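Asker: Residues in the sequence shown are numbered consecutively from 5, following the numbering used here. My questions will all concern the structure given below.
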Amino acid sequence: MWQSYQYTLKALRTFEGKDSEAASSEAAQKIAIKALRTALLSPTHYDFHDLTSLSAIQALSDSHPIYSELLEIFAEKELEDYNDFQDEHDGFVEKENLDNSKLHRKMRLLTLASLAASTHTRELEYKRISKALQVPAEDVEMWVIDVIRAGLVEGKLSQQKQVFLVHRTTYRVFGEKQWREVATRLDQWKESLRGIKEVISRERQAAESQKEREIMEADRKVQGVSGMNAGRRKDNMVEMGTD
C-alpha cells in the first residue's frame, strides 16, 4: 500500500506548476481522491501535510467539498470535529466505503497526539485523555500505548499519579497557536532555569560562608593552642628563675 501511495503522490505532483485547470481536471481529481482515501485508511499514515500542499488536493474544495472537509479534520482537528462531520454528513463514510472504525481509531490517536502537544506541564491527566477520546478511564492506558507505538508521542505512564508523562510530541499543524504554545513553554523553561540558578547561587554562598566559619574556627583553635604554649614557656622560665 505504501509503495502504491508514493506512486499516486508522484502522479499528483505532475500537476504542480501548471495552471489551475490542470489541477482541477477530472484526471487530477480522480488521482487526488485515490491518494486521500489511501492516506485516510492507512494504519501508519498520520501526517497529511504531504497532501494538503498539493494543488490537485486543494482543488477538491470545489469538486469534492466533503472529502476536502474530511481531509482538513484529519490534518489538524480532533475527534469532536470528526463526530460533528459524521452528524452533518450522515452516511457519507459508509457510502464511500471508508470504514468508520478505522477512521475513528485514527482520529482518536491524532486527538491524543494534539492533546499531548498542547500540554504545557508535560503531565497529561488520565481524566483529560478519557474526556478528549470519549473512552472509559480504564481504556486510557491502552490508547496511550497505541499512540506511542504509532510514533506520534513519546513518554511514560504513571499509574500512581494517574498521568501520562509526555517526553516528546509531534505537532500535526504548526501555526500561530503552536507558536504561542512554544513561547509559553520557553517562558516556563526560563523560569525553571532561573529558579535552579538561584538555588545554586544560595548553595554556593552557604558553602562559602561555611568554609569561612571553618577557617575562622581553625584560626581560633590555632591561636588558642599558641597561647597555651606561650603560657607554658613563661611558667617554665619563671620556675627556672626561682631556682
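Ideal Cβ placement from N, Cα and C applies to all residues, glycine included. As the structure is a prediction and not an experimental result, all values here were calculated from the model.
Specify the secondary structure class of LYS14 as computed by DSSP and reduced to three states.
Answerer: Numbered from 1 along the sequence shown, position 10 holds the residue referred to as residue 14. It is helical.
Asker: With a threshold of 16 other CB atoms inside 10 Å of the CB of TRP147, please say whether the residue is buried or exposed.
Answerer: Taking the first residue of the sequence shown as 1, we reach residue 147 at position 143. Buried.
Asker: Can you check the stretch 127-169 for any beta strand (DSSP E) of at least 3 residues that lies completely inside it and give the ranges in chain order?
Answerer: With a minimum length of 3 residues, the continuous beta strand (DSSP E) runs that stay inside the stretch 127-169 are 127-129, 157-162.
Asker: What is the rounded straight-line gap between the Cα of SER67 and the Cα of PHE89?
Answerer: Numbered from 1 along the sequence shown, position 63 holds the residue referred to as residue 67. Numbered from 1 along the sequence shown, position 85 holds the residue referred to as residue 89. Answer to the nearest angstrom: the Cα atoms are 18 Å apart.
Asker: How would you call GLU207, buried or exposed, if buried means at least 16 neighbouring beta carbons within 10 angstroms?
Answerer: For this step, residue 207 is matched to residue 203 along the sequence shown. Its Cβ having fewer than 16 others within 10 Å, GLU207 is exposed.
Asker: Return the first residue and the last residue of the alpha helix (DSSP H) that PHE96 is part of.
Answerer: Sequence index remark: in the sequence shown, residue 96 carries index 92 (1-based). Segment 96-99, the alpha helix (DSSP H) holding PHE96.
Asker: Excluding five sequence neighbours on each side, which residues of the same chain lie with their C-beta closer than 6 Å to the C-beta of ILE133?
Answerer: As a first step, residue 133 is located in the sequence shown; it is residue number 129 there, counting from the start. Taken in chain order, the residues that qualify are VAL144.
Asker: For the candidate residues SER205, LYS131, PRO47, LEU128, whose alpha-carbon lies nearest to that of TRP6?
Answerer: Taking the first residue of the sequence shown as position 1, residue 6 is located at position 2. Of the listed residues, the one whose Cα sits closest to TRP6 is PRO47.
Asker: So, using beta-carbon positions, are PHE52 and LEU75 closer together than 8 Å?
Answerer: Taking the first residue of the sequence shown as position 1, residue 52 is located at position 48. Taking the first residue of the sequence shown as position 1, residue 75 is located at position 71. For PHE52 and LEU75, yes; Cβs fall inside 8 Å.
Asker: Beta-carbon within less than 7 Å of LEU55's beta-carbon, same chain only, minus the 5 sequence neighbours each way: which residues are those?
Answerer: Position 51 of the sequence shown, counting from 1, holds the residue named residue 55. Excluding sequence neighbours, LEU55 sits near ALA39, LEU40, ALA43, ILE61, LEU75.
Asker: Could you tell me if SER59 is buried or exposed, where buried requires 16 or more neighbouring beta carbons within 10 angstroms of its beta carbon?
Answerer: Numbered from its first residue, the sequence shown carries residue 59 at position 55. With 16 or more Cβ atoms within 10 Å of its Cβ, SER59 is classed as buried.
Asker: Closest to PHE168 by C-alpha separation, out of GLY159, THR174, TYR175, ARG176, would be which residue?
Answerer: Taking the first residue of the sequence shown as 1, we reach residue 168 at position 164. The shortest C-alpha separation from PHE168 is found at GLY159.
Asker: So which of SER105, ILE200, MET111 has the shortest CA-CA distance to LEU156?
Answerer: As a working mapping, residue 156 is identified with position 152 in the sequence shown. Cα-wise, what sits closest to LEU156 is MET111.
Asker: By how many angstroms is the C-alpha of ILE77 removed from the C-alpha of SER28?
Answerer: Locating residue 28 in the sequence shown gives position 24, where the first residue counts as 1. Locating residue 77 in the sequence shown gives position 73, where the first residue counts as 1. Roughly 22 Å separates the two Cα atoms.
Asker: Using only the alpha-carbon positions, how far apart do GLU136 and GLY21 sit?
Answerer: If you number the sequence shown from 1, residue 136 lands on position 132. If you number the sequence shown from 1, residue 21 lands on position 17. The question names Glu, but residue 136 is Ala in the sequence shown. One C-alpha to the other measures close to 40 Å.
Asker: Identify which residue in ASN87, ARG217, HIS124 has its Cα closest to the Cα of TYR191.
Answerer: For the purposes of this step, residue 191 is taken as residue 187 along the sequence shown, with counting starting at 1. The sequence shown places Asp at residue 191, not Tyr. Residue HIS124 is the option with its Cα nearest to ASP191.
Asker: Taking only the alpha-carbon atoms, compute the straight-line gap between ASP223 and ALA211 and give it to the nearest angstrom.
Answerer: Within the sequence shown, numbered from 1, the residue matching residue 223 stands at position 219. Within the sequence shown, numbered from 1, the residue matching residue 211 stands at position 207. Straight-line Cα distance between these residues: approximately 18 Å.
Asker: Could you tell me whether any non-hydrogen atom of the ligand FMN is closer than 7 Å to the CB of LYS110?
Answerer: Inclusion of the ligand FMN in the displayed structure is not the case, the ligand content being empty and no account of it being possible.
Asker: Reducing DSSP to helix, strand and coil, say where ILE172 ends up.
Answerer: The sequence position of residue 172 within the sequence shown is 168, counting from 1. Note on residue identity: the sequence assigns Arg, not Ile, to residue 172. The answer is strand: DSSP assigns ARG172 an E or B state.
Asker: Would you say ALA251 and VAL151 are within 8 Å of each other, going by their C-beta atoms?
Answerer: Summary: the structure shown does not reach residue 251, with the chain confined to residues 5 through 247, and so no result is reported for it.
Asker: Whose C-beta lies closer than 6 Å to the C-beta of ASN104 among residues of the same chain, with five residues either side of it excluded?
Answerer: Along the sequence shown, read from residue 1 onward, the residue named residue 104 stands at position 100. Only VAL97 meet the Cβ criterion.
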